[in-house]
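A.B. asks: Heads up: the protein sequence lines correspond to chains E and S, in order. Note that the working numbering has the first sequence beginning at 135, numbered continuously upward. Note that the working numbering has the second sequence beginning at 135, numbered continuously upward. All C-beta atoms in this analysis are idealised placements derived from N, C-alpha and C, irrespective of residue type, glycine included. Note that the structure is a prediction, hence the values are computed from the model and not measured. Once you've had a glance at the structure underneath, I'll fire off some questions.
Number of protein chains: 2
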Amino acid sequence: MPGINSRFDGKRVLADLNALRAIGAYKTGVHKPTFSEPHLRSLDWLAEQLPDAGLVATIDGIGNVLGTSAKAGPKLLAGSHLESQNHAGWLDGPLGVIYALEAARVINTDPGTNGAVEVAAWCDEEGHFGSFLGSRSFVDAVTDADIDAARDRSSDRTMRQALRDAGFAGRARLTAEPSRHIGYLEAHIEQGDTLESSGLKIGVVTSIVGIWQYRISFTGAQNHAGTTRMAVRRDAGLALARFCVAIDDSFPALCGPRTVWTTGRITLDPGAPSIIPGGAEMLFQIRDDNPEVIARLEAQLHRLAAEATAQGRCDVKVERIRTGVPAMMTPAFQDAIEAASAACAGGKSIRMPSGAGHDAQVLATVMPAAMLFVPSIGGISHHWSENTDDADIVTGAEVFVETCRRLLAG
Amino acid sequence: MPGINSRFDGKRVLADLNALRAIGAYKTGVHKPTFSEPHLRSLDWLAEQLPDAGLVATIDGIGNVLGTSAKAGPKLLAGSHLESQNHAGWLDGPLGVIYALEAARVINTDPGTNGAVEVAAWCDEEGHFGSFLGSRSFVDAVTDADIDAARDRSSDRTMRQALRDAGFAGRARLTAEPSRHIGYLEAHIEQGDTLESSGLKIGVVTSIVGIWQYRISFTGAQNHAGTTRMAVRRDAGLALARFCVAIDDSFPALCGPRTVWTTGRITLDPGAPSIIPGGAEMLFQIRDDNPEVIARLEAQLHRLAAEATAQGRCDVKVERIRTGVPAMMTPAFQDAIEAASAACAGGKSIRMPSGAGHDAQVLATVMPAAMLFVPSIGGISHHWSENTDDADIVTGAEVFVETCRRLLAG
């Protein structure tokens, strides 16, 4: 039915997103863990929409949904994911899938537009079973042994069992055909407040930052909290608190413009109210897209540890337990998003890194890749109250479709 | 057999302590939780020694061992406890019991010495089942319902079951007879390094400090550790770290000479490496024997909380969850210990508060009470490596026996 769907329709985008929100609704958000019943129903829902966009739908052996086109000309891959964090928002994932679906509907059925958009929903971007298992499977970076080992972090159900329960066991896993796609495009809510706080509508993602993670351990002397004088204590918990403050006081002068760092977990040993902790540990994370910035900050961590150790109360050890690899987004694709923003969003765009991980960083290992962000109200995400103004959702969709058109036009 | 035992015997004191160490030995210490088999064997061992000290032994319905004398004249109650912390030291408890036993052997069998020493081993001073249940039972501060509710913190065995297993169920619980005793005397290892670091041999305890405990809660905003800019974060964990440091920076100017304070437990919510903690909590304890000092420090906690809250990032709430009552030791008894130290320990004594809790604080609610400390090597306690030089153990025992003599002499 060429031409029938060929005009962009913002109302249709909103209706589709609300249809997905109705599946597994939780307050104003959704509860759709990977391979849960509402997640599987969402995959089926998408597979049912794809033919209207001129696509043949497949759900593969790891739960990826892929819509492929027989149309002549270049192919652009686009999508995101359909599962959610537990009791989380309605847009994190579905927004990018529905933008891709809308682009496919507009472009694939229009004989006047060159090439086609192929739509993907990558399974388990939210990491219930692992780390980007769906998109990593598509770029051939997941082995059968990886799947054998994967378990749901909430229920402990194995991924194999979940695949059997879903009816996906035994299906082939689809992988990227070399040179089939000119690249990958993904839209997402920003999950921060950069766009909202500056009145902008589109974030042109320059890179997806890498995550460097550290275990910082403090060894003092466990002792009685009543009988040990303050002057002779070697309190590992206090050393940890001073270290956190020293990081926060010294990092701003050394970091990049968008570096973020977080102490997410603190443990005292033994953690009893009447015992001076002899040991303490913190999990510390730095995110940036510039390894030189990370090198400076990591050197500072070691300097602070050496200074604290030299004071003789506690030994401080800094151990890197995760090394980040930033994914740089393709510059020509960034230019296309910016041009589309100028055409459809009054130029209200800004180039910015993504502090969160996305499937685009995985696809970027095998093809040109890019992302665009729309504003998040209050910067909230991973919570059921996550939201974006309907008008911003529609503007983002227009920019997305226009970007696809421009990329396919070459 | 009057006179046979009437000479102080330091070798006998050491032999007895080593006999108790052999029951439930763990490395150079012991593992003797309340109502464990080695603990029960230790109670029986003590009951077997008491007749040689002219005492009639009873093990009562809560596991207290009491040796009572029929000798004319004043009675002094003396003792400590026989159970240990898990995998802990050999002297914490037994030292005070064996000193009392030695004093009873020397004094009770000597017709030339006025009055008698009655020996007690209080059950569960180490709090496996509760808080000072044995000595509190003796001062009539434990109800049957309290015992019904008590459970072993390690094994979850009820106290009732443990009493049945030990064969103590159904026995009466002994309580203090009004005006039977002129007072209570207890010896203990210091569990700190005040004596060792100053070359002293005897600590004359002036008071047993009270413990005031606080829950300090920090409420910020949970958010994504990758997408939330540093400038807009409301990180409850960082607020907690700054609070710990502010306490440590400001308390020294406000505290008393022996005040101690400890943050024993820290919890971040949700405690995940990629999430900015929206909540944090610390358990904080202050020990002192002067409620005015506590009032100053508590006011400072509230001032720091108000200042931190006023900065607008996190709300800080300080909640007192345990109010301490310091136990003052009887001045005339302190004088007697000091005089005995002058006679038997070259005057190498110092008056000092006890930062740890002891049964003496419970006995002090119904009769005059006092304590003396002997040095702890390295200040170590609640660990199997806890120790005191044999010579210091013997000196302490001599001072203890001489103190008993002086108190009974009136």
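Listed in chain order, which residues of the region 256 to 269 of chain S have Cβ atoms closer than 9 Å to some Cβ of chain E?
C.D. replies: Within the region 256 to 269 of chain S, no residue qualifies.
A.B. asks: Does any CB atom of chain E fall closer than 8 Å to the CB of S/Val343?
C.D. replies: Interface residue, yes.
A.B. asks: If you follow the alpha helix (DSSP H) that S/Phe467 is in, where does it begin and where does it stop?
C.D. replies: Its alpha helix (DSSP H) spans residues Pro465 to Cys478.
A.B. asks: Output yes if chain S places a C-beta closer than 8 Å to the C-beta of E/Val528; else output no.
C.D. replies: Judged by the 8 Å Cβ criterion, E/Val528 is not in contact with chain S.
A.B. asks: Only counting runs of 4 or more residues, tell me where the alpha helix (DSSP H) segments fall wholly within the region 271 to 303 of chain S, in order along the chain.
C.D. replies: Listed in chain order, they are 278 to 283 and 293 to 300.
A.B. asks: Taking Cβ positions only, does S/Ile350 come closer than 8 Å to chain E?
C.D. replies: So no, S/Ile350 is outside the interface.
A.B. asks: Is E/Ala429 helix, strand or coil by DSSP?
C.D. replies: In the structure shown, E/Ala429 sits in a helix (DSSP, three-state: H, G or I).
A.B. asks: What is the rounded straight-line gap between the Cα of S/Ile323 and the Cα of S/His165?
C.D. replies: Taking the straight line from one Cα to the other gives about 18 Å.
A.B. asks: Counting only beta-carbon separations shorter than 8 Å, does E/Pro111 have a partner in chain S?
C.D. replies: The question about residue 111 of chain E has no answer, for chain E in this structure spans 135 to 544.
A.B. asks: Would you mind stating whether S/Ser176 and S/Leu216 have Cβ atoms separated by less than 8 Å?
C.D. replies: Yes, the Cβ-Cβ distance between S/Ser176 and S/Leu216 is below 8 Å.
A.B. asks: State yes or no: is the C-beta of E/Trp256 within less than 8 Å of the C-beta of E/Gly264?
C.D. replies: Cβ distance not < 8 Å, so E/Trp256 and E/Gly264 don't count as in contact.
A.B. asks: Return the residues of the region 398 to 429 of chain S that lie within a Cβ-Cβ distance of less than 7 Å from chain E, sorted by chain order.
C.D. replies: Going along the region 398 to 429 of chain S in chain order, one finds Gly398, Arg399, Ile400, Leu402, Gly405, Ala406, Pro407, Ser408, Ile409, Ile410, Pro411, Leu417, Gln419 and Arg421 with a Cβ nearer than 7 Å to chain E.
A.B. asks: Which residues mark the beginning and the end of the beta strand (DSSP E) in which E/Arg399 is found?
C.D. replies: Val394 to Asp403 is the span of the beta strand (DSSP E), which, as asked, contains E/Arg399.
A.B. asks: Report yes or no: is there a C-beta of chain A within less than 8 Å of the C-beta of S/Ser218?
C.D. replies: As a matter of chain content, chain A is missing from the structure shown, whose protein chains are E and S.
A.B. asks: Can the beta-carbon of E/Val339 be found closer than 8 Å to that of E/Phe507?
C.D. replies: Taking 8 Å as the Cβ cut-off, E/Val339 and E/Phe507 qualify as a contacting pair.
A.B. asks: Measuring only the C-alpha atoms, how far is S/Ser545 from S/Gln295?
C.D. replies: Missing from the structure shown is residue 545 of chain S; chain S here goes from 135 to 544 and no further.
A.B. asks: Return the Cβ separation of E/Gly458 and E/Trp346 in integer angstroms, given the expectation that the two are a contact with Cβ distance under 8 Å.
C.D. replies: Correct: roughly 5 Å between the Cβ atoms.
A.B. asks: If you draw a straight line from the C-alpha of E/Leu541 to the C-alpha of E/Asn242, how long is it?
C.D. replies: Going by the C-alpha atoms only, they are around 14 Å apart.
A.B. asks: Do you know how far the Cα of E/Leu402 is from the Cα of E/Ala234?
C.D. replies: Going by the C-alpha atoms only, they are around 47 Å apart.
A.B. asks: Could you round the C-beta distance between S/Arg307 and S/Ser271 to whole angstroms and report it? I think they count as a contact, below 8 Å.
C.D. replies: Yes, they are in contact, since the Cβ atoms of S/Arg307 and S/Ser271 sit about 5 Å apart, within 8 Å.
A.B. asks: Can you find a C-beta in chain E that's less than 8 Å from the C-beta of S/Gln347?
C.D. replies: At least one chain E Cβ lies under 8 Å of S/Gln347.
A.B. asks: What span of residues does the alpha helix (DSSP H) with E/Pro228 cover, start to end?
C.D. replies: Looking at the DSSP string, the run of the alpha helix (DSSP H) that includes E/Pro228 is Pro228 to Asn242.
A.B. asks: Residue range of the beta strand (DSSP E) that E/Leu210 falls in?
C.D. replies: First-last of the beta strand (DSSP E) with E/Leu210: Lys209 to Ser214.
A.B. asks: Going by beta carbon distance, what residues of the same chain come within less than 8 Å of E/Asn248, once the five residues before and after it are set aside?
C.D. replies: For E/Asn248, where only same-chain residues beyond five positions count, the Cβ hits under 8 Å are Gly207, Pro208, Leu542, Ala543 and Gly544.
A.B. asks: Can you list the residues of chain S that E/Cys448 reaches, using a CB-CB cut of under 7 Å?
C.D. replies: Under the 7 Å cutoff, chain S gives no residues; its nearest Cβ is about 13 Å from E/Cys448.
A.B. asks: Could you list the residues in the region 360 to 381 of chain E with a C-beta less than 7 Å from some C-beta on chain S, going in chain order?
C.D. replies: So the list reads Gly360, Thr361, Thr362, Arg363, Met364, Val366, Gly371, Leu372, Ala375, Arg376, Cys378 and Val379, given in the order they occur along the chain.
A.B. asks: Is it true that the CB of S/Gly513 sits closer than 8 Å to the CB of E/Thr353?
C.D. replies: Not in contact: E/Thr353 and S/Gly513 (Cβ atoms no closer than 8 Å).
A.B. asks: Could you tell me if E/Ala212 is buried or exposed, where buried requires 16 or more neighbouring beta carbons within 10 angstroms of its beta carbon?
C.D. replies: E/Ala212 comes out buried.
A.B. asks: Starting from the beta carbon of E/Ser483, find every residue of chain S whose beta carbon is closer than 8 Å, and list them in chain order.
C.D. replies: Result: empty, since nearest Cβ-Cβ is about 17 Å, beyond 8 Å.
A.B. asks: Give the interface partners of S/Ser384 over in chain E, defined as CB-CB distance under 9 Å, in chain order.
C.D. replies: The premise fails here: S/Ser384 is roughly 13 Å from chain E at the closest Cβ pair, so nothing lies under 9 Å.
A.B. asks: I'd like to know whether the C-beta atoms of E/Ile471 and E/Val147 end up nearer to each other than 8 Å.
C.D. replies: Not in contact: E/Ile471 and E/Val147 (Cβ atoms no closer than 8 Å).
A.B. asks: Can you name the residues of chain S whose CB is closer than 7 Å to the CB of E/Gly354?
C.D. replies: Ordered by position in chain S, no residue passes the 7 Å Cβ test against E/Gly354, which lies about 12 Å from the chain.
A.B. asks: Measuring only the C-alpha atoms, how far is E/Ile316 from E/Glu532?
C.D. replies: For E/Ile316 and E/Glu532, the distance between alpha carbons rounds to 20 Å.
A.B. asks: Would you mind stating whether S/His516 and E/His358 have Cβ atoms separated by less than 8 Å?
C.D. replies: Cβ atoms of S/His516 and E/His358: closer than 8 Å.
A.B. asks: Scan the region 495 to 519 of chain S for residues whose Cβ lies nearer than 7 Å to a Cβ of chain E and list them as they occur along the chain.
C.D. replies: From the region 495 to 519 of chain S, only Gly513, Ser515 and His516 have a Cβ closer than 7 Å to chain E.
A.B. asks: Can you check DSSP and say which residues form a bridge with S/Glu320?
C.D. replies: Bridge partners of S/Glu320: S/Met505.
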